[in-house]
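The next block holds one structure in the form of structure tokens; read it before the comments.
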DNA sequence: TCCTCAATAGTTGTCCTACAACTTCAGGAC
DNA sequence: GTCCTGAAGTTGTAGGACAACTATTGAGGA
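Protein chains in written order, with this note's numbering: chain A, 1 to 248; chain B, 249 to 496.
Below, the structure written as structure tokens:
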């Protein structure tokens, strides 16, 4: 059984205490438990709140500082960085797009247009380090927020090692869960951003007339550095706001 | 006089030991002292190398991990994340563009088109929290890499509190040095990315025919949260590669 | 009254030691 | 060859101590 500390932090969940505290503090900050610019409790106080050592709190705080969420001042304390709500859609935490939409309070949806297993194209085989003609899972979807199309997504997965159950999960929308089920969770991703104007992209009534998109070309990697998925997401310009926040 | 520890780390430079170690390790990683995916020395070994405590090394390592440069594995060690050279142009460290160009080994240049003090426009006064009609310094420049135009930049600075010497420094290219001279160094910035297609932007022979740009709209803030500068940089699509790397 | 400055309490930064939890690898049993 | 066990090495967490810095308070002087 799990040894529960305070505030839902547990000792044998497979995640380090520091990371758990970090996630918890992060969510408290994003929920506006403290105002922007306000001082959060001191390290000793937090250590008491969470029932962990001060060094554990420090690792969490330093990480949040590096992410730009707080500002630590020697001899004074840690203060919430003030960027209003924009943090939530920050590029540094480009997780699942649907999750970001949900966190912003909208209703996220997906419309799958095609989902098939076919031979990899040349560029896909390069990104995924596969022999050309290897079978891959290719999915084309439109992502909606409150029913309005905000992006078109063309994703490709290396199917080697994927079970049919996992493929089904991925196809029906939950990419994360599908990969997790076969222990193929990506731990890192690399993305390039481009501006593109094209009539070839998108479909249906959500397709913008000017054909202007912000293209995000991504490759997702496993812990051992092997690529597991690649894809392009085309954000309809103006429908989705990208924000970077940074410390100098 | 400065108490020198090992590897150029000093005890009274006004910068914390952890941050100094972090900067030093970061530069060692970017200089490829270790191969991608290779294991860097252990915490005890690094502590001995730098002449500081293990906890100091840990804060530096955790920060580098959050930035995505290394991958720390419990019970094993810290490994250099493998993204080739792309890290150097990462969006997370969107410092001066010219500096990025230099780090990539190209020759950076600037062509100033206009530089004047005039009344703030409506959008500028909103970004900088000024009364409209307040005087601001506005500069329009083209940024070049090896002589080729890669971006057009339209920047605006709040002149209140700036000396004429500082304004001159900013106008002649070194924005950073100019602001530093009057102790108005920005510590944080917020940026939005957009795709834009426009014939109004850019000038001269470097202006792309298709008018396609990646627009970066930025506002720079001082430590106390006050905005000091704002501006738009329009990157000519295809001339400059933006890369995001992230951990999940 | 207002300003200056020193004392003070509170907070983060660094150091030390110790042990727990995890990974890796070598060597032995089968 | 394969599997298992144990040892060694590494990171994670704990606790205590002091240094360095900040913010506040209050006394003293103009």
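For glycine and all other residues, C-beta sits at the position ideal for the given N, C-alpha and C.
Answer with buried or exposed for residue i, where buried requires no fewer than 16 other C-beta atoms within 10 angstroms of its C-beta.
i                      : result
residue 27 of chain A  : exposed
residue 447 of chain B : exposed
residue 489 of chain B : exposed
residue 410 of chain B : buried
residue 178 of chain A : buried
residue 87 of chain A  : With a pLDDT of only 46 at residue 87 of chain A, under the threshold of 50, the placement of this residue in the model should not be trusted; the figure read from the coordinates follows. With 16 or more Cβ atoms within 10 Å of its Cβ, residue 87 of chain A is classed as buried.
residue 478 of chain B : buried
residue 237 of chain A : buried
residue 202 of chain A : buried
residue 228 of chain A : buried
residue 360 of chain B : exposed
residue 453 of chain B : exposed
residue 62 of chain A  : buried
residue 438 of chain B : buried
residue 380 of chain B : exposed
Give the residues of chain B in contact with residue i, contact being defined as C-beta atoms less than 7 angstroms apart.
i                      : result
residue 62 of chain A  : 307, 310 and 311
residue 237 of chain A : 442 and 443
Considering only the beta carbon of each residue, do residue i and residue j sit closer than 9 angstroms?
i                      : j                      : result
residue 415 of chain B : residue 365 of chain B : yes
residue 483 of chain B : residue 470 of chain B : no
residue 15 of chain A  : residue 57 of chain A  : no
residue 465 of chain B : residue 442 of chain B : yes
residue 53 of chain A  : residue 47 of chain A  : yes
residue 72 of chain A  : residue 108 of chain A : no
residue 139 of chain A : residue 170 of chain A : yes
residue 328 of chain B : residue 317 of chain B : yes
residue 400 of chain B : residue 481 of chain B : yes
residue 266 of chain B : residue 290 of chain B : no
residue 385 of chain B : residue 363 of chain B : yes
residue 314 of chain B : residue 66 of chain A  : yes
How would you list, in chain order, the residues of chain B whose beta-carbon sits under 9 angstroms from the beta-carbon of residue i?
i                     : result
residue 74 of chain A : 264
How would you write the range of the alpha helix (DSSP H) that residue i sits in, first residue to last?
i                      : result
residue 302 of chain B : 302-314
residue 18 of chain A  : 17-30
residue 295 of chain B : 291-298
Could you work out which residues of chain B lie near residue i, taking near to mean beta carbons separated by less than 8 angstroms?
i                      : result
residue 213 of chain A : 443
What residues of chain A sit near residue i, judged by a beta carbon separation below 8 angstroms?
i                      : result
residue 315 of chain B : 66
residue 397 of chain B : Neighbours of residue 397 of chain B on chain A: none; closest Cβ ~16 angstroms, over 8 angstroms.
residue 303 of chain B : 55
residue 329 of chain B : 188
Which residues mark the beginning and the end of the beta strand (DSSP E) in which residue i is found?
i                      : result
residue 71 of chain A  : 70-73
residue 368 of chain B : Segment: none, residue 368 of chain B is in no beta strand (DSSP E) and carries neither H nor E.
residue 255 of chain A : Only positions 1 to 248 of chain A appear in the structure, and residue 255 of chain A is not among them; the question remains open.
residue 354 of chain B : No beta strand (DSSP E) contains residue 354 of chain B, which DSSP labels as neither H nor E.
So is the beta-carbon of residue i under 8 angstroms away from any non-hydrogen atom of the ligand ZN?
i                     : result
residue 77 of chain A : In terms of ligand content, the structure shown is empty, and the ligand ZN therefore cannot be addressed.
I want to verify the contact list: residues of chain A whose CB lies under 7 angstroms from the CB of residue i, in sequence order.
i                      : result
residue 467 of chain B : What residue 467 of chain B touches in chain A: nothing, since even the nearest Cβ is about 10 angstroms away.
Q | 4-residue-minimum alpha helix (DSSP H) runs that sit fully inside the stretch 382-469 of chain B, ordered along the chain | A | Fully enclosed alpha helix (DSSP H) runs of 4 or longer: 412-419 and 423-429.
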